[in-house]
Amino acid sequence: MEKLDLVQAIDTFKRQIFDLNTMLEIGKTLNASLSLKDVLDIIVLTCSGHFHSSDAIILLSNDGIEQPYYEYTSETEKIQILSSDPFIHFMNENRGVLLVEELKNNPRLGHTYQLFKEKGIDLVIPLRFKSRINGILCLKKKEKQFGTNYTEDEKKYVDILAGFASVAIENARLYEIATIDMKTRLYNHGYFVNQLVEEISRSDRYKSELTLMMLDLDHFKKINDTYGHVSGDEVLVRVAHAIKKQVRTCDIPARFGGEEFAIILPETDKKSALIVAERLRKSIESLSFDFPDTQGNDHVHVSITISIGVAGFVHSINMTEDILIERADRALYHAKQNGRNQVVLYQSIAKDEQT
Numbered sequence: 011m012e013k014l015d016l017v018q019a020i021d022t023f024k025r026q027i028f029d030l031n032t033m034l035e036i037g038k039t040l041n042a043s044l045s046l047k048d049v050l051d052i053i054v055l056t057c058s059g060h061f062h063s064s065d066a067i068i069l070l071s072n073d074g075i076e077q078p079y080y081e082y083t084s085e086t087e088k089i090q091i092l093s094s095d096p097f098i099h100f101m102n103e104n105r106g107v108l109l110v111e112e113l114k115n116n117p118r119l120g121h122t123y124q125l126f127k128e129k130g131i132d133l134v135i136p137l138r139f140k141s142r143i144n145g146i147l148c149l150k151k152k153e154k155q156f157g158t159n160y161t162e163d164e165k166k167y168v169d170i171l172a173g174f175a176s177v178a179i180e181n182a183r184l185y186e187i188a189t190i191d192m193k194t195r196l197y198n199h200g201y202f203v204n205q206l207v208e209e210i211s212r213s214d215r216y217k218s219e220l221t222l223m224m225l226d227l228d229h230f231k232k233i234n235d236t237y238g239h240v241s242g243d244e245v246l247v248r249v250a251h252a253i254k255k256q257v258r259t260c261d262i263p264a265r266f267g268g269e270e271f272a273i274i275l276p277e278t279d280k281k282s283a284l285i286v287a288e289r290l291r292k293s294i295e296s297l298s299f300d301f302p303d304t305q306g307n308d309h310v311h312v313s314i315t316i317s318i319g320v321a322g323f324v325h326s327i328n329m330t331e332d333i334l335i336e337r338a339d340r341a342l343y344h345a346k347q348n349g350r351n352q353v354v355l356y357q358s359i360a361k362d363e364q365t
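Each number in this note's numbering corresponds to the 1-based position in the sequence shown with 10 added.
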């Protein structure tokens with residue numbers, strides 16, 4: 011081997027080692043994250059930054075339908091592929107990276123080929139977990155300054171990325187099932203209790219402020235009884251969305267059960283919590299819903315209100331999560347009994363107690 015060839019071979023070898031190490035680091039980052047959105051962000055950004063893809067789309071299986079769960083750029087028309095589509099069967103039988111052009115001459119996949127071409131997709135890679143495909147990674151054309159076609163090395167490394175991504179997506183989904191209320195997308199009751207225990211411990215250790223809100227929709231049963239449970243679900247979803255818009259990233263909003271919600275506010279004193287609670291109360295009061303009337307003809311405009319109980323953590327007593335929840339609940343009960351649609355602070359109704 012000539013000296014020049016040897017130098018080139020060494021350079022190629024070094025570049026391959028660098029690329030493999032990069033993939034390993036990306037794999038570690040993926041599997042360290044339990045947020046599904048974060049996992050998908052990392053995958054798409056890797057496709058853009060490492061493989062120079064102009065864009066990437068991830069299709070995730072969802073109750074029998076492959077739907078675009080996340081796209082790096084917003085698209086008005088979403089891709090939708092049924093799990094019964096011949097393309098899914100084809101992907102199950104053909105492992106690894108697939109060039110979209112390979113679908114062109116397959117008569118059963120003509121529709122999928124046209125769909126991908128219209129979207130500018132060049133590569134599709136199955137995200138396979140065990141024996142099933144839990145998603146599909148689609149890479150659009152490369153940025154022009156990096157060439158027109160994906161290299162064999164790039165195909166190899168994107169296949170490695172797909173392997174890491176499949177496991178990370180599955181882990182994130184399992185974590186989501188364990189911690190998130192699927193209807194409202196807030197945290198569930200179990201996660202809320204665990205976090206409250208942790209926040210109480212942290213507040214006690216550092217003598218920091220901590221406040222808890224308990225929230226209950228007023229006359230929610232009447233909504234369900236009059237307009238049906240589908241309408242009731244819409245109320246829950248929109249109220250949950252309003253809650254998420256009003257809280258900080260460090261706060262912990264949860265569905266406590268039924269139409270009752272809870273919010274843990276770390277590093278927040280009672281005065282600040284009351285301001286947040288009042289802002290949230292007004293936000294929910296301003297919501298408007300259009301439901302069919304009882305005969306199913308014209309729609310009626312319906313509004314809803316919420317009652318909120320607030321309680322602050324007290325360092326001078328041995329306060330547990332049960333005591334803090336009970337106090338916020340008592341404040342909530344007081345709000346309900348005194349006209350609803352209001353915010354009540356526990357310490358304002360318990361002057362005789364050590365607050």
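All C-beta atoms, glycine included, are put in the ideal place defined by N, C-alpha and C.
All figures in this text were calculated on a predicted structure; none of them were measured in a lab.
If the five residues before and after glycine 106 are omitted, its C-beta is found closer than 7 Å to the C-beta atoms of Asp169, all from its own chain and listed in chain order.
Short of 6 Å from the beta carbon of asparagine 204, and not among the five residues preceding or following it, lies no beta carbon of its own chain. At the C-beta level, isoleucine 210 and glutamate 331 come within 8 Å of one another.
When the five nearest sequence neighbours on each side are left out, the beta carbons in the same chain lying within less than 6 Å of the beta carbon of cysteine 57 are those of Ser63, Ala66, Leu149, in order along the chain. For tyrosine 237, the closest alpha carbon among the candidates Thr122, His311, Met224, His60 is that of His311. Per the C-alpha coordinates, the member of Ala321, Lys292, Glu103 positioned closest to serine 313 is Lys292. Between alanine 252 and leucine 297 the beta-carbon gap is near 7 Å, inside 8 Å, which marks them as a contact.
By the beta-carbon neighbour count (other beta carbons within 10 angstroms, threshold 16), asparagine 144 is buried. An exposed status is given to methionine 192, since fewer than 16 other beta-carbon atoms sit within 10 Å of its beta-carbon. In this structure, Ile91 is the residue among His60, Ile91, Gly59 with its C-alpha nearest to the C-alpha of isoleucine 68. Short of 8 Å from the beta carbon of histidine 309, and not among the five residues preceding or following it, lie these beta carbons of its own chain, in chain order: Asp300, Phe301, Pro302, Asp303. A direct Cα-to-Cα measurement between isoleucine 274 and glycine 59 gives close to 38 Å.
Here the C-alpha atom of leucine 137 lies approximately 11 Å from the C-alpha atom of isoleucine 53. Annotation for isoleucine 359: no beta strand (DSSP E) segment contains it, though the alpha helix (DSSP H) segment containing it runs 356-359.
Classified as exposed, arginine 215 has fewer than 16 neighbouring CB atoms from the shown chains inside 10 Å of its CB.
With a cutoff of 8 Å on beta-carbon distance, aspartate 279 and glycine 322 are scored as near each other.
About 5 Å separates the Cβ atoms of leucine 196 and arginine 265, confirming a contact at the 8 Å cut-off.
Under the 10 Å beta carbon count, valine 207 is surrounded by fewer than 16 other beta carbons and is classified as exposed. Methionine 329 sits in coil when the DSSP states are folded into three classes, being neither helix nor strand.
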